[in-house]
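Heads up, the thing below is written out as structure tokens.
4 protein chains.
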Amino acid sequence: MSLAIGVDVGGTKIAAGVVDENGTVLAQIRRATPARDADRTADTIAEIASALAAEYGANSIGIGAAGLVDEDRCTVLFAPNLAWRNEPLGQRIGRATGLPTVVENDANAAGWGEARFGAARGASSAVILTVGTGIGGAIILNGELVRGTHGLAGEWGHMVVRPDGRRCGCGLRGCWERYASGSALVADARELATLDPARGAGLLESAGGRADQISGIHITAAARAGDPAALECLRNLGVWLGRGMAALAAAFDPDVFVLAGGVSEAGDLLRRPAQESFTSLLSARSFRSEPEVRLARQGNLAGLVGAADLSRAV
Amino acid sequence: MSLAIGVDVGGTKIAAGVVDENGTVLAQIRRATPARDADRTADTIAEIASALAAEYGANSIGIGAAGLVDEDRCTVLFAPNLAWRNEPLGQRIGRATGLPTVVENDANAAGWGEARFGAARGASSAVILTVGTGIGGAIILNGELVRGTHGLAGEWGHMVVRPDGRRCGCGLRGCWERYASGSALVADARELATLDPARGAGLLESAGGRADQISGIHITAAARAGDPAALECLRNLGVWLGRGMAALAAAFDPDVFVLAGGVSEAGDLLRRPAQESFTSLLSARSFRSEPEVRLARQGNLAGLVGAADLSRAV
Amino acid sequence: MSLAIGVDVGGTKIAAGVVDENGTVLAQIRRATPARDADRTADTIAEIASALAAEYGANSIGIGAAGLVDEDRCTVLFAPNLAWRNEPLGQRIGRATGLPTVVENDANAAGWGEARFGAARGASSAVILTVGTGIGGAIILNGELVRGTHGLAGEWGHMVVRPDGRRCGCGLRGCWERYASGSALVADARELATLDPARGAGLLESAGGRADQISGIHITAAARAGDPAALECLRNLGVWLGRGMAALAAAFDPDVFVLAGGVSEAGDLLRRPAQESFTSLLSARSFRSEPEVRLARQGNLAGLVGAADLSRAV
Amino acid sequence: MSLAIGVDVGGTKIAAGVVDENGTVLAQIRRATPARDADRTADTIAEIASALAAEYGANSIGIGAAGLVDEDRCTVLFAPNLAWRNEPLGQRIGRATGLPTVVENDANAAGWGEARFGAARGASSAVILTVGTGIGGAIILNGELVRGTHGLAGEWGHMVVRPDGRRCGCGLRGCWERYASGSALVADARELATLDPARGAGLLESAGGRADQISGIHITAAARAGDPAALECLRNLGVWLGRGMAALAAAFDPDVFVLAGGVSEAGDLLRRPAQESFTSLLSARSFRSEPEVRLARQGNLAGLVGAADLSRAV
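Chains as they are written, first to last, in numbering that gives the first Met the number 0: chain S, 0 to 313; chain E, 0 to 313; chain R, 0 to 313; chain B, 0 to 313.
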């Protein structure tokens, strides 16, 4: 059975693994990312990929990197949290390891992992939403990953969902990520607790009484314990997720939506209001089966598994 | 050179033509649509396609039909202005003519025509917006037409662009087609003329003094003559087109947008405000070349030419 | 007991009556308004007021006129549906009849009638909303009619309730009268019936199948018969009434709101959703008794009665 | 010439002064507020008022208190930052000093001070906006202070200016004070500096590099020095002030608006965008002189002067 190496390169750690054709991870190595040093980051990747390849006999390497990847699927054009600028990463790792190497954006790689082996397995068209600090994701159409002209497909964080709405760092107003992301969730909870300490009492308590210390973990934990304010914040997030998802469904009619990323760990407390809001805004309902909104299944292995799989087709 | 027959089936007329590999139409036949009689409509198509095929020696037939087409690209599931319900149109025409036959939704066919031979020629990813009574269109990604799970990709008329906005016939509020379509343009102009007859004087005059008689043709003509109210209505439409286009660009990062459909005949008076509004809302501008917003070039031949071309790949 | 003459001057008819100190109308005369002739309109008023005064021995005359009245409470500065421009009406009628004469805006006069003898009797502060073609009204504070600097107090039709909302004839967008008036109600119902004929079937039927013939009377009648579409239109209107009323309550803290004008004939079908929407948006609830939303009680006599009463204080 | 004592009771300090009929303050005493002790607060007021009265021979006492005052103008029903609940303050001070005493809400007292002797002097109808932590104010109509049924007139902080907008501590969404107050200004500037540190560089620098330390003083200072981000934040605030002011103008047609409170110290950098936004939304412009938007002139003496004057009429 053919094996491939998958590498997931984030701002703080690099994970590499040997992945078989069924998406099973046979072995893994993790290292801290020497994020400020572009060369050392590449060297570290080459080193652990080589080690795994030597031991398991893999045929190709796929790298999911937190950055914008050129259409050559080799060059990292820009990576906000790494030192890479126009870095020919694929070529470099290929040369160092002697294996064909493919580079892809990390959200695309993770989306592909969920599409091939996880929550969207078997769907012909899927949208994977990675809800973390911001909101990005991946689009699969007819079984293929959509990259877009500049590799920016799935970078919908700045799709405007509310004309003249909240100020965004990108210079626009009303961007989706200002309403539907981990940051938006935390900001909403802090605001609630500051403006109405009585209703926010549960959230405040879990954060040592300080609104500005409330984190996503506090919110999810409080929601699980039934705290009404925490549940309301997750519901708000779900409503705004649903609004953007309905826009995406109107545009390209997918089978399945997958909620991935750190915030998706809230599970059904997030998925249910998202599905409900989405369903209420879905058009042409008599002509389609309603796309299911599912939770991601591969957790933080999705990127590694997806990257490995993308390298097979080369 | 290989020839194909393209057929464009609308609620009022059927146009068929012989199309070569460069998208040139060598010959054409037009007939009124016997819209209330499903059988006679199919017979008419078969008859004129056979006639053209006999004379020119075509190898395949492509039909663009104003309706929802099954993923088998043969069956028309539903056509609002024709009598077809689950009509196996492709099979029927194929049997009658002896030629392989493909059926596609008319907006998809027309979008394909513009993508292959018209305004989006050479673009790897394009969005074609058909702005007529409503707003539909087609998505081309990596040189392929995107159909979606239920053939509904590009049916973005009910994408919500303004939460809690204008009532829509679909039961939602704030749908794109209520702000960016020929109907919206006409409603806006009639409203302006009713509410402020002094500012709407030019529009009223062109419609014999009756606000409820103002049509798209009056608006475009008045705008060309420099009427400020007509120009404002086109600008409003352009602003809302730009808003939806920016959402689509954030989602799948196309090269090119094409404005097609009857309303696009307003030309640059519509295209310019649309481009401006779109540009002002485009995200990640430093990482992409700004997609161009172009006017369609094939007019009402786009559907016929696109359908013919789609039949070649079968 | 002291008697006063009240006159209500509208665009189509003039009503005059003899009113006692309890607001009881002892006698009435009605005439068609010679609306295009400023002099004849004044002459008609003088004539019927004189006739009533001669027979009943009244001490003063109060005139409610559909226009903007100067702070001298004598001159009609502008009347959109009458021929008056800077017309010294009070002086003229006073000279012709020998009785002290006061002129007031008709909505103010009607509001005063409801405040003194009708639905707001006994309230120290009241807001009377006249919901007809547009939405105007009157403010009573500490038992006095508020006129404002230019006689425009209570002319809140162009208070913006939705930033960047519906186009208004005044040049702004999102004005209250575009959401909460008889015209808005009719436009909403026509739109509903046009966009969704199935849901609008009851409304369409009552208007002979033509959406553009649906009137306020049809809507009210259909709502009384339980038609869901008509009820929804009245509920929408009530929601927007409540929003504006909550803004007014936040500003000047009245005891009572009165719904008057033609649209208020829908009764509780309008009043209830208005009260509900208002209550949900009322601030500082623990520090106030919630203002009641009441229906007007004096119908089309309110203007005449109020005008008569306003003339007593001179 | 008749003299009156004015007292301004805030959460941190009590200021008392002797005021003549022209609003001139002849002498002043200031003390820290013993805010947690209702009795000692009243005793302190009595003590300093007596001292001034003894020395200057005043005839009455007016107290402006930061709380909700009953219509008897004697009892403080509730004071969020003081210990008073149903405190018969007027009676108590009257008994202790032997002088007739009137109590009024502090924003009303300050508004009255500006109306009688400050920026709105000579206006028959004025709206004074106190823009501090929140946004409150006072209404003067026909030369009289409007109190409303529960003393809540002018408490417009929770007037909804944006349906479904920002969450507010009162439980509603879109309240005016969430867009137009010192808190909103600071939140906006912090958000801008957090989301876009490059544009917010000037603001960040003035706050030692920490977005969460940016204060109103930093913003005003940076704006005066021409910092574009600070100017933008003040402009945003001005736009939202103008929106609410236009609603108030539509409702009761005042001569003059006065911007008072701490935020008004930004001067024309705030007043100009507020006037501009207000003007653009003012209705019926051909029938009125546009109300002027002025800056307060009495600074923190307004409350003391206004309270003294209100006591004269008793």
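The beta-carbon is built from N, C-alpha and C at its ideal position, and this holds for glycine as well.
Integer-rounded CB distance, given that residue j should sit under 8 Å from residue i
i              : j              : result
T219 (chain E) : A265 (chain E) : 5 Å
G164 (chain R) : G173 (chain R) : 3 Å
V130 (chain S) : G201 (chain S) : Actually they do not touch by this definition, with Cβ atoms about 23 Å apart.
G153 (chain R) : A108 (chain R) : That pair is no contact at about 11 Å.
W175 (chain S) : V160 (chain S) : 5 Å
E289 (chain R) : L300 (chain R) : Incorrect: roughly 29 Å between the Cβ atoms, too far for contact.
A250 (chain B) : W155 (chain R) : 5 Å
A57 (chain E)  : V17 (chain E)  : 6 Å
D36 (chain R)  : A82 (chain R)  : 6 Å
CB contact check: residue i to chain B, cutoff 8 Å
i              : result
R166 (chain S) : yes
Residues bridged to residue i [DSSP beta-bridge criterion]
i              : result
V304 (chain R) : Its beta-bridge partners do not exist; DSSP assigns none.
V101 (chain R) : R:G61
V160 (chain E) : For V160 (chain E), which the question treats as bridged, DSSP gives no partner whatsoever.
F256 (chain R) : R:V126, R:V292
I4 (chain S)   : S:V17, S:I60
E113 (chain B) : DSSP output for E113 (chain B) lists no bridge partner at all.
L144 (chain R) : R:I139
L184 (chain S) : The partner list for L184 (chain S) (beta bridge, DSSP) is empty, contrary to what the question assumes.
Chain R within 8 Å of residue i, Cβ atoms only
i              : result
L144 (chain B) : no
F286 (chain B) : yes
P162 (chain B) : yes
L258 (chain B) : no
Contact set for residue i: own chain, Cβ-Cβ below 6 Å, skip 5 residues either direction
i              : result
A119 (chain R) : E113, A125, V255, V257
W239 (chain S) : Y178, A179
Q90 (chain S)  : C73
D308 (chain R) : R115
D226 (chain S) : G201
R146 (chain E) : A152
V262 (chain E) : V130, G181
Residue i, enclosing beta strand (DSSP E) - first and last residue
i              : result
F251 (chain B) : Not the beta strand (DSSP E): F251 (chain B) falls in the alpha helix (DSSP H), residues 227-251.
E289 (chain E) : Neither: E289 (chain E) is in no beta strand (DSSP E) and is coded neither H nor E.
I138 (chain E) : 134-140
V31 (chain R)  : According to the sequence as given, residue 31 (chain R) is Ala; it is not Val. Per DSSP, A31 (chain R) belongs to the beta strand (DSSP E) from 24-31.
R120 (chain E) : Neither: R120 (chain E) is in no beta strand (DSSP E) and is coded neither H nor E.
Within-8 Å CB hit, residue i to chain E
i              : result
F77 (chain S)  : yes
G147 (chain S) : yes
E154 (chain R) : no
D195 (chain R) : yes
L315 (chain R) : Outside the shown range of chain R, which is 0 to 313, sits residue 315 (chain R), and nothing can be said about it.
C73 (chain S)  : no
A249 (chain S) : yes
S182 (chain S) : no
L140 (chain S) : yes
7 Å CB neighbourhood of residue i in its chain, flanking five on each side removed
i              : result
T96 (chain R)  : A45, A48, S49, A52, I60
P196 (chain R) : L203
R198 (chain S) : L191, A228
Short CB-CB distance (under 8 Å) between residue i and chain S
i              : result
D69 (chain E)  : no
V159 (chain E) : yes
R270 (chain E) : no
Contacts of residue i in chain D (Cβ-Cβ under 8 Å)
i              : result
L191 (chain E) : The chain inventory of the structure shown lacks chain D, comprising the protein chains S, E, R and B.
Same chain, Cβ closer than 8 Å to residue i, five either side skipped, listed in chain order
i              : result
I213 (chain R) : V185, A188, R189, A192, L202, L203, S205, A206
Boundaries of the alpha helix (DSSP H) in which residue i is found, first to last residue
i             : result
L76 (chain B) : Looking at the DSSP string, L76 (chain B) is not in any alpha helix (DSSP H); the run it does join, the beta strand (DSSP E), is 75-77.
R84 (chain S) : No alpha helix (DSSP H) holds R84 (chain S); the beta strand (DSSP E) holding it covers 84-86.
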